[in-house]
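Protein sequences appear in the order of chains D and L. The opening residue of the first sequence carries number -12 in the numbering used here; numbering runs sequentially from there. The opening residue of the second sequence carries number 2 in the numbering used here; numbering runs sequentially from there. Accompanying notes for the structure given below.
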Amino acid sequence: EAGVAQSPRYKIIEKRQSVAFWCNPISGHATLYWYQQILGQGPKLLIQFQNNGVVDDSQLPKDRFSAERLKGVDSTLKIQPAKLEDSAVYLCASSRRQGNEQYFGPGTRLTVT
Amino acid sequence: AQSVTQLDSQVPVFEEAPVELRCNYSSSVSVYLFWYVQYPNQGLQLLLKYLSGSTLVKGINGFEAEFNKSQTSFHLRKPSVHISDTAEYFCAVSDPEGRDDKIIFGKGTRLHILP
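Here it is, written out as structure tokens:
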């Protein structure tokens, strides 16, 4: 089966600009996760969806980050406006349902200058 | 809240030598434990997981890990490493009694294989 797809793979923007990342989970996976991985650290969960509903967004900086999964399939993560400290790899993962193994996409490497 | 400590940020090992990557987690009544591997410019891939049962868990690529409840550890081992094992390794924990299946990751250990 196809894995988790993410685009773009790389993005360079200036601070205060906006950016959006896209994720298409594995077909049939109900749960979708967005993680932020800053260089030298482990991934940190930003938001978790179960179908099209949010399960956990406690670590999402809601003043500048937003995410949606309107039809319960693919998802978009947006940053507006970006700050220098947002430079990181943004990983998307999916699982068949909560508690099951998570499968990760290749990530989007964001550089904010 | 659960937390994970990976004691070594980098581990250099000669090819064909054994390796152990250390991981300790904060104490809890029950835990699920994971090791993930991240090759350069790729996402994370599950190496192995402990959910219950036997404390010795075997994973892919010849890796294994042992759950030690008394020492709250879940160290990863491989008897003989290969150059292709060069990657970053993340230990992770989740709470099976929790409301969600949030996984908490350690900071990672970079494994350098020396020729």
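For each residue, glycine too, the CB sits at the ideal point set by N, CA and C. As the structure is a computational prediction, the values presented were derived from the model and not from experiment.
Considering only beta carbons, the part of the segment 33 to 47 of chain L lying closer than 9 angstroms to chain D consists of Y33, F35, Y37, Q39, N42, Q43, G44, L45, Q46, L47, in chain order. Taking 8 angstroms as the threshold, the shortest C-beta distance from F91(D) to chain L falls below it. In this structure, R56(D) is the residue among S14(D), R56(D), Y90(D) with its C-alpha nearest to the C-alpha of N38(D). The Cβ neighbour count for T18(D), taken over all protein chains shown within 10 Å, is at least 16; the residue is labelled buried.
Around D73(D), the same chain offers I66, L97, V99 as residues with beta carbons nearer than 7 angstroms, after the five sequence neighbours per side are excluded. Taking P12(D) as the centre and dropping the five residues before and after it, the same chain places the C-beta of V(-9), L19, S81 closer than 6 angstroms to its C-beta, in chain order. Partner residues in the beta bridge of A80(D), as assigned by DSSP, are Y20(D), F91(D). Listed along chain L, no residue sits closer than 8 angstroms to P12(D) by beta-carbon distance, the nearest being about 12 angstroms off. A distance below 7 angstroms between beta-carbons, with the five flanking residues on each side excluded, links R84(D) to the following residues of its chain, in chain order: A17, T18. Per the C-alpha coordinates, the member of L115(L), S95(L), V5(L), S28(L) positioned closest to A88(L) is L115(L). Closer than 8 angstroms to the CB of E72(D) there is not a single CB belonging to chain L.
Selection P97(L), Y90(L), K103(L), P80(L) evaluated against F15(L) yields P80(L) as nearest (Cα-Cα). A direct Cα-to-Cα measurement between A66(L) and L34(L) gives close to 10 angstroms. Contact between the segment 2 to 19 of chain L and the segment 34 to 52 of chain D is absent, with fewer than three C-beta pairs closer than 8 angstroms. Under DSSP, F15(L) takes part in a beta bridge, and its partners are L115(L). Neighbours of I104(L) in chain D, taken as residues whose beta carbon is under 8 angstroms from its own, are L32, Q89 in chain order. A direct Cα-Cα distance of roughly 8 angstroms separates P93(D) from R(-4)(D).
A Cβ-Cβ contact shorter than 8 angstroms links Y26(L) with Q3(L).
Take I104(L), set aside five residues on each side of it, and the residues of its chain with a beta-carbon closer than 6 angstroms to its own are A93, S95, in chain order.
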